[in-house]
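Visitor: The listed protein sequences derive, respectively, from chains A and B. By the count of my numbering, the first sequence reaches residue 112 at its end, each step adding exactly one. By the count of my numbering, the second sequence reaches residue 1112 at its end, each step adding exactly one. Every residue, glycine too, gets a C-beta built ideally from N, C-alpha and C. One structure follows; several queries about it will come next.
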Amino acid sequence: QQQVKQSPQSLIVQKGGIPIINCAYENTAFDYFPWYQQFPGKGPALLIAIRPDVSEKKEGRFTISFNKSAKQFSLHIMDSQPGDSATYFCAATAGGGNKLTFGTGTQLKVEL
Amino acid sequence: NAGVMQNPRHLVRRRGQEARLRCSPMKGHSHVYWYRQLPEEGLKFMVYLQKENIIDESGMPKERFSAEFPKEGPSILRIQQVVRGDSAAYFCASSQGNQPQHFGDGTRLSIL
């Protein structure tokens, strides 16, 4: 009930490509869906987040698409750059000030 | 530096010793969360605390693990009688109310 499933496990794209990372959840109580970016040796950094009352949110080159009926959400990175190479985690939480349930992560590599 | 501060960054212990991990939240944040990350895995929630109170400890192992967030000073995650399976990266996050969680860079715990 608390699980968040993330795919793919790893992804390689060329510079300028649009990597897409997908997540699915089961718990309908989840109401906040952040994405985190993590570089080796560092903690996760909040990238962008969405609530289920909107279907899409854009911040710079990062876009979240949200499908409430399918209980799925995805991250798109426009015009990807080698500096975007990192591990990306989707997460979900129910209610404010509550624990995050994380996906298993996607290792993204952007090649020149 | 106004970010979440964790220390030590690396900690080596022998089996049976105690490990104490410290976390100073961001200025103005009164909510602290601890997560554990095993290699190649996502973060798993352990415990959520507010000043002097444990709010949710549903992710904490039943034995050997404890956490506190005193009125003054950092939050402490304490692991007694460590075993090899405790080797992991431990991340602390902080937030203010319903606001997003911000993570520190973690403590890498190695058990010899």
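Could you check which residue in L100(A), T106(A), S80(A) has the C-alpha nearest to that of Q14(A)?
Guide: Translated into positions along the first sequence, residue 14(A) becomes position 14. Cα-wise, what sits closest to Q14(A) is S80(A).
Visitor: Hey, could you find the ends of the beta strand (DSSP E) E141(A) is sitting in?
Guide: Residue 141(A) lies beyond the residue range present for chain A, which begins at 1 and ends at 112; the question has no answer from this structure.
Visitor: Going by DSSP, what residue range makes up the beta strand (DSSP E) through V1047(B)?
Guide: If you number the second sequence from 1, residue 1047(B) lands on position 47. Segment 1043-1050, the beta strand (DSSP E) holding V1047(B).
Visitor: Just confirm the distance between the C-beta atoms of F1091(B) and G41(A), as a whole number of angstroms; I'd bet it's less than 8 angstroms.
Guide: In the second sequence, residue 1091(B) corresponds to position 91, counting from 1. In the first sequence, residue 41(A) corresponds to position 41, counting from 1. About 12 angstroms separates the two Cβ atoms, so there is no contact after all.
Visitor: By the three-class DSSP mapping on this structure, what secondary structure does D1056(B) have?
Guide: Here residue 1056(B) refers to the residue found at position 56 of the second sequence. Here D1056(B) sits in strand by DSSP.
Visitor: Starting from the C-beta of N1007(B), find all residues in its chain whose C-beta is less than 6 angstroms away, skip the five residues before and the five after it, and write them out in chain order.
Guide: Locating residue 1007(B) in the second sequence gives position 7, where the first residue counts as 1. Excluding residues within five positions, the ones whose Cβ falls inside 6 angstroms are R1022.
Visitor: Which same chain residues, not among the five before or five after Q9(A), have their C-beta less than 8 angstroms away from its C-beta?
Guide: As a first step, residue 9(A) must be located in the first sequence, where it is residue number 9. So the list reads T104, G105, T106, Q107, once near-sequence residues are dropped.
Visitor: Tell me which same chain residues have a C-beta within less than 7 angstroms of the C-beta of A1002(B), skipping the five on either side of it?
Guide: Here residue 1002(B) refers to the residue found at position 2 of the second sequence. Closer than 7 angstroms at the Cβ level, and outside the excluded window around A1002(B), lie M1026, K1027.
Visitor: For the segment 51-62 of chain A against the segment 87-102 of chain A, are there 3 or more C-beta pairs whose distance is under 8 angstroms?
Guide: The segment 51-62 of chain A, when compared against the segment 87-102 of chain A, does not touch it at the 8 angstroms Cβ threshold.
Visitor: Exposed or buried, F39(A), counting other C-beta atoms within 10 Å across all chains shown (16 or more means buried)?
Guide: By one-based count along the first sequence, residue 39(A) stands at place 39. F39(A) is exposed by the Cβ-count criterion.
Visitor: Taking buried to mean at least 16 other C-beta atoms within 10 Å of its own C-beta, is Q1037(B) buried or exposed?
Guide: On the second sequence, position 37 is the one that residue 1037(B) refers to. With 16 or more Cβ atoms within 10 Å of its Cβ, Q1037(B) is classed as buried.
Visitor: Quick one: give me the first and last residue of the beta strand (DSSP E) that S80(A) is part of.
Guide: Translated into the one-based positions of the first sequence, residue 80(A) becomes position 80. That residue, S80(A), is in no beta strand (DSSP E); it is neither H nor E in DSSP.
Visitor: Quick check: what's the CA-CA separation for V1012(B) versus I64(A)?
Guide: The sequence position of residue 1012(B) within the second sequence is 12, counting from 1. The sequence position of residue 64(A) within the first sequence is 64, counting from 1. So the alpha carbons of these two residues sit roughly 39 angstroms apart.
Visitor: Under DSSP, the beta strand (DSSP E) around P40(A) begins and ends at which residues?
Guide: On the first sequence, position 40 is the one that residue 40(A) refers to. Unbroken run through P40(A): none, as it is neither H nor E.
Visitor: To the nearest angstrom, how far is it from the Cα of P34(A) to the Cα of L1043(B)?
Guide: In the first sequence, the residue the question calls residue 34(A) occupies position 34. In the second sequence, the residue the question calls residue 1043(B) occupies position 43. Rounded to the nearest angstrom, the two C-alpha atoms are 14 angstroms apart.
Visitor: Please report the straight-line C-alpha distance between R1108(B) and A1093(B), rounded to a whole angstrom.
Guide: Within the second sequence, the letter at position 108 stands for residue 1108(B). Within the second sequence, the letter at position 93 stands for residue 1093(B). Whole-angstrom Cα-Cα distance: 15 angstroms.
Visitor: Could one say the Cβ of G1028(B) lies closer than 8 angstroms to chain C's Cβ atoms, at least one of them?
Guide: No chain C is part of this structure, whose protein chains are labelled A and B.
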